[in-house]
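Chemist: To start, I am sharing the structure in question, which I have written as structure tokens.
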Amino acid sequence: MTARIVWPVAAVLVSLLVLAVGGIILASQRANEIANDRQRSMLAAVLDDEKAKALRDLAVTISSSDAIAALQHPMSAERAQRFIGAALETAYGFDQSFVLTPENVVVTGRVAGETGDQRRFAAVRPALNGVIQVVRDRLARMALRRDPTALTQDETDAAVLRTGEARLIFDGAILRVAAAVAAPAREGDSAFGGLIAAASVPLGPAALERIGRASGHANLRLETVAAQEQGFPVVDEQGAVRAYLVWRKDRPGDIVLERVLPAIVAALLAIGLFSVFMFNHVRKVTTELVAREAEATHLANHDRLSGLPNRAFFTDRLDSELARFATTGEGLAVLFLDLDKFKDINDIHGHSAGDTLIRIVARRLTGVLRGADTLARFGGDEFAIIQTGVRSAHDCASLAHRVLDAIREPIELNGVLAHVGISIGIALAPDNANERDVLMRLADVALYRAKREGRNRYSFFEVGMDETLRMRKIVEEDLRHALQRDEVKVVYQPQFSADGRKILGVEALVRWTHPVHGAISPADFIPVAEQRGLIGPLGEYVLRRACQDGRRWKNITVAVNVSPVQFRQKDFVSTVARIVQEEEMDPARVELELTEGVLVDDADAAENAMMELRALGLRFALDDFGTGYSSLIYLRRFAFDKIKIDRSFLESMETTGESAILVHSCVHLGRALGLTVTAEGVETAEQQRFLQAVGCHQLQGFLFCKPVSPEKIDELLGLVADEGTISRSA
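In this text, residue positions in the sequence shown follow the working numbering: the first is 1135, and each later residue adds one.
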């Protein structure tokens, strides 16, 4: 195992280093090659100029009138020497020059300051023969194209240059050799008469230094032995390379290499030491590499905040477990978990507290799982569990109960105890599905059902829940538009005196009739509004309509339900105050109904908000009294004006004596605290008589009136005989 891990890693490291070093070396070599090619091109251009200069110098000399005159009088050998050979030597440095007939007979010549005869020409002929022959070939081709008539001086000069040839050759030294047609041999002859002038001049150290300065080649020199790829070749008359021009090369790549060389050397030394000590330290190195690999894998597959596996890890693990299930038949379950009121924690305590909450929840969830189970965080307040070895739904229910119990314990955030809940959706394999995506979707559907049914509970997926999810999506997409299109309506249910003869107030209730799907229950769209950030606009809409309608209903209160999510919004107090003021509604007739969950979550914040609104004159009612955590302490601390006994007590009151006792106790508790007591859900005359007998102040339910339009409330109040008193027939 150690060798399989360490040696491949070492090989990869060495390979990467070799590739890096090789790349740097290749890049530096390429830079050197480019610089060398540029220098060679510049040197070639300068040497071409040298050849052209040699030809021009020869042409200027032999085309002069003195040279022409000397050649037209061959008996004047001294004159030809002076105006051709001596002129070329003294003016341009040619140490050898000859004027030849077509048969290569020397007409006049000069070698090293002395007369050049036929014997001396024979000695230097190999060096000059190439350029001489080229000129003669050109003369022959020109003779075929035109008649050999006499040329003017300008035509003669042009012919000399046009037919001339110059080369650089090696003949013991670098020679510039040139040949060109000479002037007519006799007066009246054509320039193509056949006389050829040939000359050579050596390029010594001084000349090479001058050429090097002109071309930017430092220390330009001639060597007979040199690396061919570095030198500029110089050939003899047969085209064979005999010597090289060399110089101190520009090597920009070497400069780059020198700068990175220390790092390369250090890396090579490190690799060398790594190789030398590999055997003795292989276990340690292996452990470190494995740890790093594990850390990298962990980071790629785990959530940084909680340290739990992420969605990618979860889906891979679920695929593996489903594949194993296909062979073993062992059942499994997917549980989707969503923290209740996590957004409220962030809003009230800040995001740092939210991060702390996530870490604490992750630890608590981990503590209730078996080692074979997988817990992951999908992001935000969403978690998921793969439960393996599931024999029945009872196993999942047992795990769900452990999760609920673990999260139910208060959590300290910034010195304050916070209460959160968790909702759980469960899907089973193979009972519900065998495919990963389907199983996860069904768990999400079940989670939605759990949140809809009151949160802080679990729900198994059941057939038919898909329709619920479809409705949820409809609500999410259309509710915002419904508010804008006035599809949401507000209706009112009257609250009567205990004898049922007097309307004391109304409760505003929201209704939504979808243009396609018809009436949608508040139980369906209010939870979605809370989750999707629409509860604020929805609550403001209901409060504003209630104030607009209630303004004309004198002497009765208008109750408006407030969602816990809405109540915990930072601008809730200012929004309520603004709407009441804008609609010119008497604050003393506005009653806000709160549930007990608002108080438990953050008592201090709730108390402050209630005090601010109470200072404006608004009233408060505690809704669903007796179903949650309410106590005498909460009632005394928050100073509610009213408590509303939940309808569930009335529904079971006729079948169990305990419910009747609880209702009786609630009424007496409320009266003892000086609170108005209202009972909801009154549907029978027996319930009315009992509630009236125990001292309930207000009654509300279908026995008296269903929720009706504001116009119907106008009608009911229009039947008032005396300050709201109506007959039973009304």
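All C-beta atoms, glycine included, are put in the ideal place defined by N, C-alpha and C.
Classify PRO1721 as helix, strand or coil using the three-state DSSP reduction.
Modeler: Within the sequence shown, numbered from 1, the residue matching residue 1721 stands at position 587. DSSP places PRO1721 in helix when its eight states are reduced to three.
Chemist: Could you compute how far the alpha carbon of ALA1487 sits from the alpha carbon of ALA1819?
Modeler: As a position in the sequence shown, residue 1487 is number 353, starting the count at 1. As a position in the sequence shown, residue 1819 is number 685, starting the count at 1. Straight-line measurement puts the Cα of ALA1819 at about 52 Å from the Cα of ALA1487.
Chemist: Per DSSP, which residues does TRP1646 bridge with? Please list them.
Modeler: Counting from one through the sequence shown, the residue named residue 1646 turns up at place 512. Paired residues: VAL1622, ILE1654.
Chemist: What did DSSP end up calling ALA1663 once you bin it into helix, strand or coil?
Modeler: Along the sequence shown, one-based indexing puts residue 1663 at 529. In the structure shown, ALA1663 sits in a helix (DSSP, three-state: H, G or I).
Chemist: Is the segment 1611–1620 touching the segment 1643–1652, taking contact as three or more C-beta pairs under 8 Å?
Modeler: yes
Chemist: Given that a residue counts as buried once 16 or more other Cβ atoms are within 10 Å of its Cβ, and exposed if not, what is GLY1152?
Modeler: Start at 1 with the first residue of the sequence shown, and residue 1152 comes out as number 18. Note that residue 1152 is Val in the sequence shown, not Gly. By the neighbour-count rule (16 or more Cβ atoms within 10 Å), VAL1152 is not buried but exposed.
Chemist: How about ALA1561 and ALA1552: do their beta carbons lie closer than 8 Å?
Modeler: Stepping through the sequence shown from its first residue, residue 1561 is reached at position 427. Stepping through the sequence shown from its first residue, residue 1552 is reached at position 418. No.
Chemist: Are the CB atoms of ALA1274 and THR1297 within a distance shorter than 8 Å?
Modeler: As a first step, residue 1297 is located in the sequence shown; it is residue number 163 there, counting from the start. As a first step, residue 1274 is located in the sequence shown; it is residue number 140 there, counting from the start. Cβ distance not < 8 Å, so THR1297 and ALA1274 don't count as in contact.
Chemist: Could you give the residue range of the alpha helix (DSSP H) that holds GLN1521?
Modeler: Position 387 of the sequence shown, counted from the first residue, corresponds to residue 1521. If you look at GLN1521, you'll find it isn't in any alpha helix (DSSP H); it sits in the beta strand (DSSP E) that goes 1516–1524.
Chemist: For the segment 1572–1621, list the alpha helix (DSSP H) runs that are entirely contained and at least 4 residues long, ordered along the chain.
Modeler: 1599–1618
Chemist: With a 10 Å radius around its C-beta and 16 neighbouring C-beta atoms as the bar for buried, classify MET1744 as buried or exposed.
Modeler: Locating residue 1744 in the sequence shown gives position 610, counting from the first residue. Per the 10 Å Cβ criterion, buried.
Chemist: Kindly list the residues whose CB is nearer than 7 Å to the CB of MET1719, restricted to its own chain and excluding five residues on each side of it in sequence; keep chain order.
Modeler: Counting from one through the sequence shown, the residue named residue 1719 turns up at place 585. Cβ within range, chain order: CYS1681, GLY1684, ARG1685.
Chemist: When the Cα atoms are used, what is the spatial distance from PHE1808 to LYS1636?
Modeler: Position 674 of the sequence shown, counted from the start, is the residue given in the question as residue 1808. Position 502 of the sequence shown, counted from the start, is the residue given in the question as residue 1636. According to the sequence shown, residue 1808 is Gly rather than Phe. Approximately 21 Å between the Cα atoms of the pair.
Chemist: Of the residues VAL1644, GLY1670, VAL1194, ALA1154, which one's Cα is nearest the Cα of PRO1656?
Modeler: Here the question's residue 1656 lines up with position 522 in the sequence shown. Of the candidates VAL1644, GLY1670, VAL1194, ALA1154, the one whose C-alpha sits nearest the C-alpha of PRO1656 is VAL1644.
Chemist: Just to check my reading of the structure: VAL1710 and LEU1756 have Cβ atoms closer than 8 Å, yes? What is that Cβ distance to the nearest angstrom?
Modeler: Your numbering for residue 1710 matches position 576 in the sequence shown. Your numbering for residue 1756 matches position 622 in the sequence shown. Contact flag wrong, Cβ pair sits at about 17 Å.
Chemist: In or out: LEU1150 buried (at least 16 other Cβ within 10 Å) or exposed?
Modeler: Sequence index remark: in the sequence shown, residue 1150 carries index 16 (1-based). It is exposed - the Cβ of LEU1150 has fewer than 16 other Cβ atoms within 10 Å.
Chemist: According to DSSP, is GLN1287 part of a helix, a strand, or is it coil?
Modeler: Within the sequence shown, the letter at position 153 stands for residue 1287. Note that GLN1287 scores 49 on pLDDT, short of 50, meaning its location in the model is unreliable; the coordinates nonetheless yield the value given after this. Here GLN1287 carries a helix assignment [DSSP, helix/strand/coil].
Chemist: Counting only runs that start and end within the segment 1441–1489, where is the beta strand (DSSP E) found for 3 or more residues in a row?
Modeler: 1465–1474
Chemist: Evaluate contact between the segment 1591–1598 and the segment 1619–1637, counting only Cβ atoms and requiring at least three cross-stretch pairs below 8 Å.
Modeler: no
Chemist: Buried or exposed, going by whether 16 or more other CB atoms sit within 10 Å of the CB of ILE1847?
Modeler: Within the sequence shown, the letter at position 713 stands for residue 1847. Buried, since its Cβ has 16 or more Cβ neighbours within 10 Å.
Chemist: Does GLY1634 come out as helix, strand or coil in the three-state DSSP assignment?
Modeler: Locating residue 1634 in the sequence shown gives position 500, counting from the first residue. Note: GLY1634 maps to coil in three-state DSSP.
Chemist: Does the separation of the CB atoms of VAL1693 and GLU1730 fall below 8 Å?
Modeler: Residue numbering aside, residue 1693 sits at position 559 when the sequence shown is read from its first letter. Residue numbering aside, residue 1730 sits at position 596 when the sequence shown is read from its first letter. Looking at the sequence itself, residue 1693 is Ala, so the reference to Val does not match. Cβ atoms of ALA1693 and GLU1730: not closer than 8 Å.
Chemist: Based on DSSP bridge pairs, tell me the residues matched to SER1557.
Modeler: Counting from 1 along the sequence shown, the entry for residue 1557 is found at position 423. SER1557 pairs with ASP1472.
Chemist: Span of the beta strand (DSSP E) holding ILE1218?
Modeler: Reading the sequence shown from its first residue, position 84 is the one you call residue 1218. Counting along the chain, ILE1218 falls outside any beta strand (DSSP E), and DSSP gives it neither H nor E.
Chemist: With 16 as the cutoff for other CB atoms within 10 Å, does ASN1689 come out buried or exposed?
Modeler: For the purposes of this step, residue 1689 is taken as residue 555 along the sequence shown, with counting starting at 1. Flag for ASN1689 reads exposed.
Chemist: Got a sec, what are the start and stop residues for the alpha helix (DSSP H) GLY1673 sits in?
Modeler: Within the sequence shown, residue 1673 is the residue found at index 539, counting from 1. Start and end: 1669–1684.
Chemist: Here's a check: name, in chain order, each residue in its chain whose Cβ is nearer than 7 Å to the Cβ of ARG1301, leaving out the five neighbours to either side.
Modeler: On the sequence shown, position 167 is the one that residue 1301 refers to. Contacts found: LYS1185, GLY1264, VAL1265, VAL1311.
Chemist: Taking the alpha carbon of ALA1584 as the reference point, which residue from ALA1540, GLU1741, LEU1503, LEU1469 has its own alpha carbon closest?
Modeler: The residue given as residue 1584 occupies position 450 in the sequence shown. Of the candidates ALA1540, GLU1741, LEU1503, LEU1469, the residue whose Cα lies closest to the Cα of ALA1584 is LEU1469.
Chemist: Which term fits MET1160, buried or exposed, when burial requires 16 or more other beta carbons within 10 angstroms of its beta carbon?
Modeler: Taking the sequence shown and counting its residues from 1, the one referred to as residue 1160 is at position 26. Residue 1160 is actually Leu in this sequence, not Met. Exposed, by the Cβ-count rule.
Chemist: Residues in its own chain within less than 7 Å of MET1176 by CB, not counting five upstream and five downstream?
Modeler: Translated into positions along the sequence shown, residue 1176 becomes position 42. Within the same chain, MET1176 has close Cβ partners SER1349, GLY1350.
Chemist: Which one of LYS1477, ARG1504, ASN1353, CYS1830 has the shortest CA to CA distance from ALA1534?
Modeler: By one-based count along the sequence shown, residue 1534 stands at place 400. Nearest C-alpha to ALA1534: ARG1504.
Chemist: So, at 7 Å on beta carbons, what are the nonlocal neighbours of GLU1664 in its own chain, with the 5 sequence-adjacent residues on each side left out?
Modeler: Residue numbering aside, residue 1664 sits at position 530 when the sequence shown is read from its first letter. Excluding residues within five positions, the ones whose Cβ falls inside 7 Å are SER1697, VAL1699.
Chemist: In angstroms with no decimal places, state the Cα-to-Cα distance between LYS1475 and GLU1814.
Modeler: The residue given as residue 1475 occupies position 341 in the sequence shown. The residue given as residue 1814 occupies position 680 in the sequence shown. For LYS1475 and GLU1814, the distance between alpha carbons rounds to 27 Å.
Chemist: Check whether the segment 1243–1263 touches the segment 1226–1234, counting contact only when three or more Cβ pairs, one atom from each stretch, lie closer than 8 Å.
Modeler: With the rule of 3 Cβ pairs closer than 8 Å, the segment 1243–1263 counts as touching the segment 1226–1234.
Chemist: From VAL1797, ALA1749, ILE1779, SER1631, pick the residue whose C-alpha is nearest to that of CYS1839; which is it?
Modeler: For this step, residue 1839 is matched to residue 705 along the sequence shown. Considering only alpha carbons, the answer is SER1631.
Chemist: Find out if the Cβ-Cβ distance for the pair VAL1579, MET1605 is shorter than 8 Å.
Modeler: Position 445 of the sequence shown holds residue 1579. Position 471 of the sequence shown holds residue 1605. For VAL1579 and MET1605, no; Cβs fall outside 8 Å.
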